[in-house]
Each structure stands twice: as structure tokens, then as C-alpha cells.
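For the sequence shown, position 24 matches number 386 in this note's numbering, and the numbering has no gaps at all.
Built from N, CA and C at the ideal position, the CB exists for glycine as well.
Owing to the predicted nature of the structure, the values given are computational and were not obtained by experimental measurement.
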Amino acid sequence: MLIGGDLFPHLIHSEAEIKHTQGFPSAMDTHLNWILIGTVSAQDRQSSPLTSLIASSNPSIDALMRRFWSIEEPGTPTLPTTEDESCERWFVQTTSRKSECRFCVALSFRDSVRADNNVPSHGFGNLRSLALKRF
């Protein structure tokens with residue numbers, strides 16, 4: 363890539379690192395990464411064909427935007443279950459704010475949860491048996 367003198371100063375970092383070796387081009391760290399500047403010694407140089415290939419892929423802005431929105435698009439919301447709705451109703455019905463600006467929230471427990479012996483546990487799990495063991 364050939365860069366004109368009008369653009370070259372804008373590519374250099376304010377504290378650019380420059381590496382010099384006698385008889386070789388200098389290497390300079392720029393905003394384009396490392397670039398080579400200078401002449402190349404022509405002695406002991408054999409003539410050989412020079413082949414250069416530049417491959418570039420420029421996806422369309424439309425394709426990029428579609429990909430961006432497919433990644434950023436939020437997932438489809440799941441419908442609330444009857445348990446979610448019941449919990450929401452309980453919260454709305456039992457939550458209040460006291461005069462000292464504190465909230466009072468009643469805890470809810472599941473009535474339908476049953477232990478292994480088919481006895482309703484009221485959402486406490488095996489706390490009763492655990493309490494009896496510790497007592």
C-alpha cells in the first residue's frame with residue numbers, strides 16, 4: 363500500500379517505536395500496526411517475478427444489520443404459569459407499606475406439595491423431620 367505524505371503523519375503514534383537496522387528498511391509502529399519505511403539494498407539481488415494478491419470481502423451493510431439484529435433480538439417471552447400468576451396475586455394482595463416507610467410482605471407456601479408418604483408438607487419440605495431429629 364502506498365501512502366502519501368499528507369496522510370503519513372496522522373498514522374504515527376505520538377510515541378511511535380522505530381526500529382533501525384543498517385541496510386534494511388526501518389520498522390515503525392503506527393495505527394495500521396507495523397509498517398516498513400526506506401530503501402532496500404539492490405546488491406546480490408536476482409531478478410524474479412513479483413506476485414501479489416489482495417483478497418477482500420466486504421459484506422453488505424444489509425447483511426451486517428440482519429446479523430446484528432438476529433444476535434441482539436430478545437427471545438420470545440414465555441407465558442406465565444398458573445403458579446406464577448398465583449404468586450403475583452399473593453404479592454399484590456399481601457404487600458403493604460408501613461408508616462415508617464418499610465414494606466410488609468407475607469410469605470407464601472405451596473399447599474399442593476406432598477412429601478414421600480403423601481402427606482401435605484405445605485411447602486416446608488422435610489423441616490419437621492429435621493427439627494425432630496435435632497430436638
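- Per DSSP, T392 is one residue of the beta strand (DSSP E) stretching across 388-392.
- The three-state reading of DSSP puts R490 in helix, counting H, G and I together.
- When the Cα atoms are used, L364 and L398 turn out to be separated by approximately 11 Å.
- For K495, the three-state secondary structure derived from DSSP is helix.
- One alpha carbon belongs to T457, the other to C463, and they sit about 13 Å apart.
- DSSP places S448 in the helix class (H, G or I) of the three-state scheme.
- Pairing L369 with T392 gives a Cβ-Cβ distance that is not under 8 Å.
- Counting only the Cα atoms, E434 lies some 29 Å from E450.
- Here the alpha carbons of P442 and W431 stand approximately 26 Å from one another.
- For S458, DSSP records a beta bridge to C466.
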